[in-house]
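Trainee: Pasting a structure below so you can have a look.
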Amino acid sequence: MLGCARLAILQQLEYRFNLIADTVIQPVIVGLVELTLWAAFFHSTGNQTLNGFSREYYLSYAVWAAFVSRISTSWMYESMMIEDIENGTVNSILVRPISFYEYYLGQFFGYKVFTTLLSLGAPVAVCLFADLPLVISRLPLTLGLVFFYLLLVHTMSVAIASLGFFFSRIHHITVAKNITLWMLTGELFPLDLAPEPFRSILIALPFSSAVYRPVGYLTGRLELNTITEGFLSISLGLLVATVVATALWNAGRRRYSGTGA
Amino acid sequence: MHPDVTREVTIETTGLSRSYETYKKPEGLLKSIEGFWKRETIQKVAVHPTTLTVYRGQIVGLVGSNGAGKTTLLKLLSGLIYPSAGTTKVLGYDPHERRPEFLRRVSILLGQKAQLWWDLAPADSYELLAKIYEIDSAVARSRVRELADLLACTEQLHVQLRRLSLGERMKMEIIGALLHRPEVLFLDEPTIGLDIIAQTKIREFLGEYVKVERPTVILTSHYMDDISLLADRLMLISHGKIVYDGTVEAFTAKSELRQTLSLKLVHPPMQDVTLRHDFKISAGTRSVRFEMPAQWIADVLGELMALSPVYDIKIEEVEFEDVIRSFMEQDARLRAAGHSPTA
């Protein structure tokens, strides 16, 4: 696993411009878009609070949502897994004493830890500079929850990639999944703003641990219980995803004809 | 059988077969739209029930035309794909179960597919492979040095794989495949697309390697030199069936032994002549060269000598490569005539 994590870091370092675009440019642009939206909302309504929280809470939420969602979303590795199965590159993993799950999990975590450390300074600096709400002592637990959530993300990615054994082209499933998660995670807006019963459902789902729970906790909007509930909810989601991913992988392997070699 | 080959069974299959489903891609826009809800599927048999035994230390050359089932058989034996029916044991394991203890003892090199990491220098890839195969890093480094010296590619170990030439890349792939000293080695077209110098180098290296390390090898190649120089057992596969299994020498002997008769006529004929078995000589021709089954030689030579005194007579055996080529051409003709492996 550590060897695979190292592989991911080596590969990232090989392409410096791409790495900067991924770790700095992309979250900065997303953050600016969300900041503008919230600033425009408060400016046009003339309100100083929304749902009991001030404008600053929402601006801080926007900054951290952009940063945390970059960690908790899987575009690149899911696409790589799909491509490997579609074009037969998976052969080079299947013939070696390492599982596909483990091989990509190592790389995925290596990449996420490395890029998180590289880009963490930016949102902290913005919050300190603009005096936005931030409880810095909560950062380790926040990141702990997000990285635990990555296990679920990865397992879902393996399940989706396994569909590549059955269908020739499935890239758009990743697009559809990530757009759905954009709303379900709370990246778009804090989930407690949704009307009931959607509010309770959205918060209960494990996906709220991708953005809403960690960012709410870090910015002081939510308390410790949200994190413990988050771990529990992810564990249940992980159980379901593991069953689905294992079934799809095993069935897919039986069909696989070793494409491309 | 090679003197170093023991009677210990390394690979054993019983009724091993593989078929897969594909669909007919219709032509044109309307048919493509129709294909959105209605697709005609076809069952293709890539490997018909195959029973074979390979002993420890044997080097088996697997030969067949494109689509004959060579690579599918290799993928079945290495555990890359599941069989549709039958059983396989390689070193006592079911390959498709992919047990780590099995995978640590075998290796497959796919000549048409890079298995090292494209963005990394081979040295970094080997370091990762050492971790995957649980090899001590100092031992792995020394093994890499040893193999790189033999392949004369030490200079390229620290160059990103994507920047290497095809021949250099193949050498790197070979090092990666041999790093963990596999007991069973599946080589699928290891010299494909390489220039003659690179081909020779890799062939020489593999020849030396198998002599020293004595792995069990199954080798597919389109270059008959690879087979005739490396293999001590030949398997011919056609339409997913093993149609010949024996030594290279026995195959050449068993095949309709063809010879080439060449000679010069002292008095070239004044007009076109047709000999027995429909061999033709044009008027004024002095040098004659015919390829024919060995048993015809005496008849044809007798006729030619009756026509004119002859000199510079040569009778040559046809090369192994030519015999295989003739087999593969015949196989391709059968395929074109509709004897497809479709079940």
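The listed protein sequences derive, respectively, from chains X and H.
The first sequence: position 42 = 25 (this note's numbering), numbered continuously.
The second sequence: position 5 = 635 (this note's numbering), numbered continuously.
Cβ atoms here follow ideal geometry from the backbone N, Cα and C, with glycine treated the same way.
No experiment lies behind these values; they were computed from the predicted model shown.
Considering only the alpha carbon of each residue, which of X:E39, X:T168, X:L134 lies closest to L111 (chain X)?
Mentor: Position 128 of the first sequence, counting from 1, holds the residue named residue 111 (chain X). Per the Cα distances, X:E39.
Trainee: Taking just the CA atoms, how far does H154 (chain X) sit from M64 (chain X)?
Mentor: For the purposes of this step, residue 64 (chain X) is identified with residue 81 of the first sequence, where counting begins at 1. For the purposes of this step, residue 154 (chain X) is identified with residue 171 of the first sequence, where counting begins at 1. Between M64 (chain X) and H154 (chain X), the C-alpha separation is close to 10 Å.
Trainee: Report back the beta-carbon spacing between I217 (chain X) and Y132 (chain X) to the nearest angstrom; my notes put them in contact at under 8 Å.
Mentor: Here residue 217 (chain X) refers to the residue found at position 234 when the first sequence is read from its first residue. Here residue 132 (chain X) refers to the residue found at position 149 when the first sequence is read from its first residue. Their Cβ separation, rounded to whole angstroms, is 5 Å, which keeps I217 (chain X) and Y132 (chain X) in contact under 8 Å.
Trainee: Name the chain H residues that come within less than 7 Å of S240 (chain X), Cβ to Cβ?
Mentor: Position 257 of the first sequence, counted from the start, is the residue given in the question as residue 240 (chain X). By Cβ distance, chain H contributes Y650, I711.
Trainee: What separation, rounded to the nearest whole angstrom, lies between the Cα atoms of I822 (chain H) and I954 (chain H)?
Mentor: Taking the first residue of the second sequence as 1, we reach residue 822 (chain H) at position 192. Taking the first residue of the second sequence as 1, we reach residue 954 (chain H) at position 324. Cα-Cα distance, rounded: 17 Å.
Trainee: Residue range of the alpha helix (DSSP H) that I762 (chain H) falls in?
Mentor: On the second sequence, residue 762 (chain H) is found 132 positions in, with the first residue counted as 1. Here the alpha helix (DSSP H) through I762 (chain H) covers 752 to 762.
Trainee: For P656 (chain H) and E664 (chain H), what's the separation of their Cα atoms in angstroms?
Mentor: In the second sequence, the residue the question calls residue 656 (chain H) occupies position 26. In the second sequence, the residue the question calls residue 664 (chain H) occupies position 34. Going by the C-alpha atoms only, they are around 9 Å apart.
Trainee: Excluding sequence positions up to five away, which residues of its chain have a Cβ less than 7 Å from the Cβ of T202 (chain X)?
Mentor: Translated into the one-based positions of the first sequence, residue 202 (chain X) becomes position 219. Within the same chain, T202 (chain X) has close Cβ partners Y40, S43, Y44, W47, P116, L117.
Trainee: Does the separation of the CB atoms of H678 (chain H) and K871 (chain H) fall below 8 Å?
Mentor: For the purposes of this step, residue 678 (chain H) is identified with residue 48 of the second sequence, where counting begins at 1. For the purposes of this step, residue 871 (chain H) is identified with residue 241 of the second sequence, where counting begins at 1. Yes, the Cβ-Cβ distance between H678 (chain H) and K871 (chain H) is below 8 Å.
Trainee: Under 7 Å between beta-carbons, which chain X residues line up against D749 (chain H)? List them in chain order, please.
Mentor: The residue labelled residue 749 (chain H) in the question sits at position 119 within the second sequence. Result: Q(-6), E(-3).
Trainee: Examine the Cβ distances between the segment 638 to 650 of chain H and the segment 84 to 98 of chain X and report whether three or more of them are shorter than 8 Å.
Mentor: No, because fewer than three Cβ pairs between the segment 638 to 650 of chain H and the segment 84 to 98 of chain X fall closer than 8 Å, the two stretches do not touch.
Trainee: Could I get the ranges of all uninterrupted alpha helix (DSSP H) runs contained in the segment 875 to 933 of chain H, with 4 residues as the minimum, in chain order?
Mentor: Listed in chain order, they are 878 to 884.
Trainee: Can you tell me where the beta strand (DSSP E) holding L174 (chain X) begins and where it ends?
Mentor: To locate residue 174 (chain X), count along the first sequence from 1; it is residue 191. Element bounds for L174 (chain X): n/a, residue is neither H nor E.
Trainee: Looking only at C-alpha atoms, which of H:T702, H:A928, H:N696 sits nearest to I848 (chain H)?
Mentor: Against the second sequence, residue 848 (chain H) aligns to sequence position 218. Answer by Cα proximity: H:T702.
Trainee: Below 8 Å between beta carbons is the criterion; list the residues of the segment 56 to 88 of chain X that meet it against any residue of chain H, in chain order.
Mentor: Under the 8 Å Cβ criterion, the segment 56 to 88 of chain X contributes G71, T72, N74, S75, L77, V78, R79, P80, I81.
Trainee: Might you give, ordered along the chain, the residues of its own chain that have their beta carbon closer than 6 Å to the beta carbon of K719 (chain H), omitting 5 neighbours on each side?
Mentor: The sequence position of residue 719 (chain H) within the second sequence is 89, counting from 1. E642.
Trainee: In the DSSP assignment, what residue or residues form a beta bridge with S737 (chain H)?
Mentor: The residue labelled residue 737 (chain H) in the question sits at position 107 within the second sequence. DSSP lists H:L815 as partners of S737 (chain H).
Trainee: So what does Y941 (chain H) bridge to, in DSSP terms?
Mentor: Here residue 941 (chain H) corresponds to residue number 311 of the second sequence, with the count starting at 1. H:K894.
Trainee: I'd like the ranges of any alpha helix (DSSP H) spanning at least 4 consecutive residues and lying wholly in the segment 784 to 867 of chain H.
Mentor: Segments of the alpha helix (DSSP H) lying fully in the segment 784 to 867 of chain H: 796 to 808, 826 to 843, 854 to 860.
Trainee: Is the beta carbon of R236 (chain X) less than 8 Å from the beta carbon of Y650 (chain H)?
Mentor: On the first sequence, position 253 is the one that residue 236 (chain X) refers to. On the second sequence, position 20 is the one that residue 650 (chain H) refers to. No, the Cβ-Cβ distance between R236 (chain X) and Y650 (chain H) is not below 8 Å.
Trainee: Here's the rule: buried if 16 or more other CB atoms are within 10 angstroms of the residue's CB, otherwise exposed. What is A(-9) (chain X)?
Mentor: Counting from one through the first sequence, the residue named residue -9 (chain X) turns up at place 8. Buried, because 16 or more other Cβ atoms sit within 10 Å of the Cβ of A(-9) (chain X).
Trainee: Opposite A715 (chain H) in the DSSP bridges: which residues?
Mentor: Your numbering for residue 715 (chain H) matches position 85 in the second sequence. Answer is H:S647, bridged to A715 (chain H).
Trainee: To the nearest angstrom, report how far apart T972 (chain H) and T671 (chain H) are at their CA atoms.
Mentor: Mapped onto the second sequence, residue 972 (chain H) falls at position 342. Mapped onto the second sequence, residue 671 (chain H) falls at position 41. Low local confidence applies: a pLDDT of 32 at T972 (chain H) is under 50, so the model's placement there is unreliable, and no value is given.
Trainee: In whole angstroms, give me the CA-to-CA distance for G687 (chain H) and D862 (chain H).
Mentor: Position 57 of the second sequence, counted from the start, is the residue given in the question as residue 687 (chain H). Position 232 of the second sequence, counted from the start, is the residue given in the question as residue 862 (chain H). So the two alpha carbons sit approximately 10 Å from each other.
Trainee: Output yes if chain X places a C-beta closer than 8 Å to the C-beta of R734 (chain H); else output no.
Mentor: Taking the second sequence and counting its residues from 1, one reaches residue 734 (chain H) at position 104. Answer yes: the Cβ-Cβ gap between R734 (chain H) and chain X drops below 8 Å somewhere.
Trainee: Counting along the chain, where does the beta strand (DSSP E) carrying P679 (chain H) start and finish?
Mentor: As a first step, residue 679 (chain H) must be located in the second sequence, where it is residue number 49. That run of the beta strand (DSSP E) goes 671 to 685.
Trainee: Within 10 angstroms of the Cβ of S708 (chain H), are there 16 or more other Cβ atoms? Answer buried if so, exposed if not.
Mentor: Numbered from 1 along the second sequence, position 78 holds the residue referred to as residue 708 (chain H). Flag for S708 (chain H) reads buried.
Trainee: Is it true that the CB of L815 (chain H) sits closer than 8 Å to the CB of K801 (chain H)?
Mentor: Reading the second sequence from its first residue, position 171 is the one you call residue 801 (chain H). Reading the second sequence from its first residue, position 185 is the one you call residue 815 (chain H). It is not a contact, given that the beta carbons lie outside the stated cut-off.
Trainee: Starting from the beta carbon of K705 (chain H), find every residue of chain X whose beta carbon is closer than 9 Å, and list them in chain order.
Mentor: Counted from its first residue, the second sequence places residue 705 (chain H) at position 75. Here the neighbours are N74, S240, G241, A244.
Trainee: Taking the Cβ atom as the reference point for each residue, do A49 (chain X) and G14 (chain X) lie within a distance shorter than 8 Å?
Mentor: As a position in the first sequence, residue 49 (chain X) is number 66, starting the count at 1. As a position in the first sequence, residue 14 (chain X) is number 31, starting the count at 1. Going by C-beta atoms, A49 (chain X) is nearer than 8 Å to G14 (chain X).
Trainee: At least one CB of chain H closer than 8 Å to the CB of G93 (chain X): is that the case?
Mentor: As a first step, residue 93 (chain X) is located in the first sequence; it is residue number 110 there, counting from the start. No, G93 (chain X) lies away from the interface with chain H (no Cβ there is under 8 Å from its Cβ).
Trainee: Can you check whether the C-beta of I738 (chain H) is within less than 8 Å of a C-beta belonging to chain X?
Mentor: Looking up residue 738 (chain H) in the second sequence gives position 108. Cβ-Cβ to chain X under 8 Å: yes for I738 (chain H).
Trainee: Does the beta-carbon of M865 (chain H) have 16 or more other beta-carbons within 10 angstroms, so that it is buried, or is it exposed?
Mentor: As a first step, residue 865 (chain H) must be located in the second sequence, where it is residue number 235. The residue in question, M865 (chain H), is buried, as its Cβ has 16 or more Cβ neighbours within 10 Å.
Trainee: Contact criterion: CB-CB distance below 8 Å. Does R236 (chain X) meet it with respect to chain H?
Mentor: On the first sequence, position 253 is the one that residue 236 (chain X) refers to. At least one chain H Cβ lies under 8 Å of R236 (chain X).
Trainee: Give me the Cα-Cα distance between D875 (chain H) and F881 (chain H), rounded to the nearest whole angstrom.
Mentor: By 1-based counting over the second sequence, the position of residue 875 (chain H) is 245. By 1-based counting over the second sequence, the position of residue 881 (chain H) is 251. Those two C-alpha atoms are separated by around 8 Å.
Trainee: The beta strand (DSSP E) that contains L692 (chain H), what's its start and end?
Mentor: Numbered from 1 along the second sequence, position 62 holds the residue referred to as residue 692 (chain H). Segment 689 to 693, the beta strand (DSSP E) holding L692 (chain H).
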